[in-house]
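**Q** Each residue of the sequence shown is one higher than the last, beginning at 84 in our numbering. Ideal placement from N, C-alpha and C gives every residue a C-beta, glycine not left out.
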Amino acid sequence: MSDTIQVAEVKAAQEAWCDALISISKAHAEGGLARSKPLASSVIDSAYGYQFGPVAFKPTWAKGPTTFRETSAGALSYFVGGDPAFQDSGFAIGTPGSKRSQWVKCQPEIFVIQSFGNTANAMGWVHLGAADGTKSKVDKTFGYLRDDNGNLRIVVHHSSTPFSSY
84 MSDTIQVAEV KAAQEAWCDA LISISKAHAE GGLARSKPLA SSVIDSAYGY
134 QFGPVAFKPT WAKGPTTFRE TSAGALSYFV GGDPAFQDSG FAIGTPGSKR
184 SQWVKCQPEI FVIQSFGNTA NAMGWVHLGA ADGTKSKVDK TFGYLRDDNG
234 NLRIVVHHSS TPFSSY
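1. Please report how far the alpha carbon of I88 lies from the alpha carbon of A112, in whole angstroms.
2. Does the distance between the C-beta of H240 and the nearest non-hydrogen atom of the ligand COA fall short of 6 angstroms?
3. If we count the other Cβ atoms within 10 Å of its Cβ and call it buried at 16 or more, is G173 buried or exposed?
4. Work out the CA separation of M206 and S106 for me, nearest whole Å.
5. Decide if S125 is buried, meaning its Cβ has at least 16 other Cβ atoms within 10 Å, or exposed.
6. Pick helix, strand or coil for P191, following the three-state DSSP scheme.
7. Taking all protein chains shown into account, decide if A168 is buried (16 or more other Cβ within 10 angstroms of its Cβ) or exposed.
8. Keeping to the same chain, check which residues put their C-beta closer than 7 angstroms to that of M84; ignore five residues upstream and five downstream.
9. What are the boundary residues of the beta strand (DSSP E) that includes W208?
10. Between the region 91-102 and the region 148-158, are three or more C-beta pairs nearer than 8 angstroms?
Structural data, given as structure tokens:
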């Protein structure tokens, strides 16, 4: 357990995920898919553990038979859209709907971090803000694995909108 993932490392990974989301959204606003897709692909390659096998990824806006994204292609589609196999609108590029606004703020609010040697879990919310003033809150659970180079890799990513009663 000498290589136990530390709380500070999980917090840094969550901040890095938020920073990457904002960068992808900005790249899309400045240059569409031509700029955002390569950046999103690079982020997925460096932050997620798809090179080890399937990642348990359940995105917020996913639905139907493509709800779960065990491949990097599925994750890329979810982040930026543009893949007819998944029919995603691209969560990372901005707010939903016809008048999309890029994300300009992303702040994790972590409620619990569990660390078990070279794995860790974090659960909480991510607060998002768009350029047009739209605000959103998303439930997030991330599971991390430390790779052979010491980097944390996301191997579980569950995301959903918070429950509300009617």
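**A** On the basis of the coordinates in this document:
1. Taking the sequence shown and counting its residues from 1, the one referred to as residue 88 is at position 5. Taking the sequence shown and counting its residues from 1, the one referred to as residue 112 is at position 29. Approximately 35 angstroms between the Cα atoms of the pair.
2. You won't find the ligand COA in this model; it holds no ligand whatsoever.
3. On the sequence shown, position 90 is the one that residue 173 refers to. Burial is judged here by how many other beta carbons sit within 10 angstroms of a residue's own beta carbon; G173 has at least 16 and is buried.
4. For this step, residue 106 is matched to residue 23 along the sequence shown. For this step, residue 206 is matched to residue 123 along the sequence shown. If you take the alpha carbons of S106 and M206, they lie about 23 angstroms apart.
5. Looking up residue 125 in the sequence shown gives position 42. In this structure S125 is exposed. Its beta-carbon is surrounded by fewer than 16 other beta-carbon atoms within 10 angstroms.
6. Within the sequence shown, numbered from 1, the residue matching residue 191 stands at position 108. If DSSP states are grouped into helix, strand and coil, P191 belongs with the strands.
7. Counting from 1 along the sequence shown, the entry for residue 168 is found at position 85. An exposed status is given to A168, since fewer than 16 other beta-carbon atoms sit within 10 Å of its beta-carbon.
8. The residue labelled residue 84 in the question sits at position 1 within the sequence shown. For M84, the predicted structure reports a pLDDT of 46, less than 50, and the residue's modelled location is therefore unreliable. The matter cannot be settled from this model.
9. Against the sequence shown, residue 208 aligns to sequence position 125. Per DSSP, the continuous beta strand (DSSP E) segment holding W208 begins and ends at 202-213.
10. No: the two stretches stay apart, fewer than three of their Cβ pairs being nearer than 8 angstroms.
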